[in-house]
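**Q** In UniProt numbering, the protein residues as written are 1 to 147.
C-beta atoms are modelled at their ideal positions from N, C-alpha and C, and glycine is treated no differently.
Below you will find the structure I want to go over with you.
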């Protein structure tokens, strides 16, 4: 397993992914254990916004991996700042509970690279075991930020 912090700037309490299980240029699978101290819990359930944030962070890791490789030097290397630019066909079917292991799977379906930005569309789904919790098409906008 790969620590997600190697590919994303997010840190606790807003980091909603624990590990990358598998990653390639166009696909990623991540795990996230729902903990009792998570800031996006209410009455023991991981809220809808938490599912969306988890899915967005998983999607971002596909594109973010090119900015945070093994030889990345934060003092001098470029990095990317990313934003959700759109969410299409979001379906939330069940809210995970404390102790559930959320498995999120994302596939890059399109990408446009400009001079200093990328626009990406991803299909993503989150599940607990075989039970689908949420699925969506997410658009991300990533802009290079020079040091």
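Do the segment 122-138 and the segment 99-110 meet, that is, are 3 or more Cβ pairs less than 8 Å apart?
**A** yes
**Q** Which residue's Cα is closest to the Cα of residue 138: 12, 21, 62 and 45?
**A** Within the chain shown, residue 138 is the residue found at index 138, counting from 1. Among 12, 21, 62 and 45, the Cα nearest to that of residue 138 belongs to 62.
**Q** Going by C-alpha distance, which of 143, 127 and 43 is nearest residue 136?
**A** Taking the first residue of the chain shown as 1, we reach residue 136 at position 136. Checking every option, the nearest Cα to that of residue 136 belongs to 127.
**Q** Pull up the CB-CB distance for residue 113 and residue 144, whole angstroms please, since I reckon it's below 8 Å.
**A** As a working note, residue 113 is residue 113 in the chain shown. As a working note, residue 144 is residue 144 in the chain shown. About 10 Å; that fails the 8 Å criterion.
**Q** Using the C-alpha atoms, what's the distance from residue 119 back to residue 39?
**A** As a position in the chain shown, residue 39 is number 39, starting the count at 1. As a position in the chain shown, residue 119 is number 119, starting the count at 1. A direct Cα-Cα distance of roughly 29 Å separates residue 39 from residue 119.
**Q** Work out the CA separation of residue 43 and residue 140 for me, nearest whole Å.
**A** Locating residue 140 in the chain shown gives position 140, where the first residue counts as 1. Locating residue 43 in the chain shown gives position 43, where the first residue counts as 1. Each residue's alpha carbon lies about 31 Å from the other.
**Q** Taking the continuous beta strand (DSSP E) assigned at residue 134, which residues delimit it?
**A** Within the chain shown, numbered from 1, the residue matching residue 134 stands at position 134. Taken as a continuous stretch (DSSP letters only), the beta strand (DSSP E) holding residue 134 covers 131-145.
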